[in-house]
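Chains as they are written, first to last, in our numbering: chain A, 1 to 429; chain B, 430 to 570.
Structure representation (structure tokens):
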């Protein structure tokens, strides 16, 4: 194996092993930041040794053993609590007795629990949201600081700082490395789901930059969601989120035109939808529903996405059902954005006037003041009603509010089209 | 990227109809499948009955000709496949390396083609391909 090949192999091993490695170490040393440093040390050791020795048969076990040796050295040097030291030595011996641990040992153990703990810790509410996102991608997703910085269009130094600060915050707050129990679990799980969906959305409809999508982030989020669904199979909302992401991701190929422009849902070539992801999404939704209880916000959004996924053509869409689902969603998770979507569904189910009536009620909503989709929706409904001047005005406003360059192009084009229609209406009149 | 990991078990080309792997091998393989699933990379998987239960249709001379299995002349036959979603070919190789394969087994790794991999004229000729996949349900279980 050449050196480049070995480095590629190490990258792949790291991607597969790093989360479990960090999680296992964090359980032992009780500190996520220290655990990650130890895992990184082991990675550096692998980069030094493997090009000569070759990749070991069980690279995960090799990395873990190396990291634990470093941990013992460090703890000795720092002369931390003797008890912790003993515990660590004990664990290490226990591991070594297993000789070459095979796949069984790697899967058994506490790996699942540790990974779940790692997710909850990285998404701890003591951290600001952007830190939760960065830490989750880094610790659980196995991404490098450079990759995360590039994905979020942040300077590398800024992102590195963010991660360092997040690790320090966790240590200072003495956040325990555990899965929350009882009443706390619900809120904490919501935070984990929020982080994963944030990552997905940043990939799916980039809020900034020139590209409409950054697919790698979607894939990372999907992978995190699928992992979480394995770790917390009894949580309906986890499957709901996975279903939502699978179905949304199924449209990736259809929502970008040849020159990178955005293509909206109803104009998409449904032949380009990824049926494999749709089926996986529908299965995950069925799973969420089978767990019983009231559907949560992610499962409801997935149910809405499923209505679109099931429709062979845009005309086949079950708009009354979508409007009804938005109404339920609006009751359990009230938000002007949900109402705006309900307005769109109503307009499709009953006509543009009904939709516009609801959208108009939202124009005084302070939280939507600079939200480009409100004028975009109003523009669309006014356009359908033949009120082209007002529609053009709304599209221009929407274009000035969006931060995404591609989206701005689409909206400006619609504004121009309305101006043309208004002009021709005047000449014919 | 999506990769197929194609399992090619030597000797399967002559296996008797109804041959199935023994419980111990299945158990080990299930652990492996579970590892793929827990890592969030597994998309689909299937095992195939031996070729002695199948048939081959060849087109020599432009005409379909049916040969019932087993295919004595075949050097390699498929035993099953996994489809995984990973970042790189290297990651697919790394996953394949972890399979508890026996000495007679080979895993071939092949990237799944996307329409965007093709030049425009081929894309055009293949338009409707994904719609077909939807109707046939061929890519999912």
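C-beta: ideal position from N, C-alpha, C; glycine also.
Note that this is a predicted model, so its numbers are computed, not measured.
- For residue 534 of chain B, the enclosing beta strand (DSSP E) stretches over residues 534-540.
- Counting C-beta pairs with one atom in each stretch, the stretch 285-294 of chain A and the stretch 263-273 of chain A have fewer than three that are closer than 8 Å, which means they do not touch.
- Taking the Cα of residue 53 of chain A as reference, the smallest distance to any Cα among A:343, A:145, A:3 and A:308 is reached at A:3.
- Judged by DSSP in its simplified three-state form, residue 326 of chain A adopts helix.
- Under the 10 Å beta carbon count, residue 195 of chain A is surrounded by 16 or more other beta carbons and is classified as buried.
- Taking 8 Å as the cut-off, the beta carbon of residue 136 of chain A is found closer than this to the beta carbon of residue 122 of chain A.
- Taking a 10 Å sphere around the C-beta of residue 68 of chain A, we find 16 or more other C-beta atoms and assign the residue as buried.
- Distance between residue 431 of chain B and residue 541 of chain B, taken at the CA atoms: about 5 Å.
- Nearest to residue 486 of chain B by C-alpha distance, out of B:554, B:500 and B:511, is B:500.
- Of all residues in the stretch 440-472 of chain B, those with a C-beta nearer than 9 Å to a C-beta of chain A are 457, 460, 461, 463, 464, 466, 467, 468, 469, 470, 471 and 472, reading in chain order.
- For residue 519 of chain B, the chain A residues whose C-beta falls within less than 7 Å of its own C-beta are 8, 9, 11 and 12, listed in chain order.
- Judged by DSSP in its simplified three-state form, residue 434 of chain B adopts strand.
- Looking only at A:389, A:235, A:159 and A:396, the smallest Cα-Cα distance to residue 187 of chain A is reached by A:235.
- For residue 334 of chain A, the number of other beta carbons within 10 angstroms of its own is below 16, and it is reported as exposed.
- Per DSSP, the continuous alpha helix (DSSP H) segment holding residue 242 of chain A begins and ends at 236-249.
- Within chain B, no C-beta atom comes nearer than 7 Å to that of residue 148 of chain A; the closest sits roughly 14 Å away.
- Listed along the chain, the chain B residues whose CB falls inside 9 Å of the CB of residue 224 of chain A are 469.
- Rounded to the nearest whole angstrom, the C-alpha separation of residue 34 of chain A and residue 42 of chain A is 12 Å.
- CA-to-CA, the gap between residue 482 of chain B and residue 439 of chain B works out to about 17 Å.
- In the three-state reduction of the DSSP assignment, residue 487 of chain B falls in the strand class.
- Interface annotation, residue 385 of chain A: not in contact with chain B, CB-CB separation never under 8 Å.
- What residue 230 of chain A touches in chain B, judged by beta-carbon distance under 9 Å, is 463, 466, 467, 468 and 469, going in chain order.
- In the structure shown, residue 497 of chain B adopts extended strand secondary structure according to DSSP, grouped into three states.
- Inter-segment contact for the stretch 452-461 of chain B and the stretch 524-542 of chain B is present: three or more beta-carbon pairs are separated by less than 8 Å.
- At a cut-off of 8 Å between beta-carbon atoms, residue 235 of chain A makes no contact with chain B.
- Under the three-state reduction of DSSP output, residue 42 of chain A falls in the helix class.
- Counting other Cβ atoms within 10 Å of its Cβ, residue 167 of chain A reaches 16 or more and is therefore classed as buried.
- Chain order gives the chain A residues near residue 523 of chain B as 9, 12, 13 and 16, where near means a beta carbon separation below 7 Å.
- One Cα belongs to residue 222 of chain A, the other to residue 256 of chain A, and the distance between them is close to 19 Å.
- By the neighbour-count definition (other C-beta atoms within 10 Å, threshold 16), residue 404 of chain A is a buried residue.
- Straight across, the Cα-Cα distance linking residue 523 of chain B with residue 13 of chain A is about 7 Å.
- Judged by their CB atoms, residue 479 of chain B and residue 503 of chain B are not nearer to each other than the 8 Å cut-off.
- Within the stretch 161-223 of chain A, complete beta strand (DSSP E) segments of at least 3 residues are not found at all.
- In this structure, the straight-line span from the alpha carbon of residue 537 of chain B to that of residue 30 of chain A is close to 41 Å.
- Membership of residue 380 of chain A in the alpha helix (DSSP H) is indicated by the continuous run 373-384.
- As the crow flies, the alpha-carbon of residue 165 of chain A is around 49 Å from that of residue 383 of chain A.
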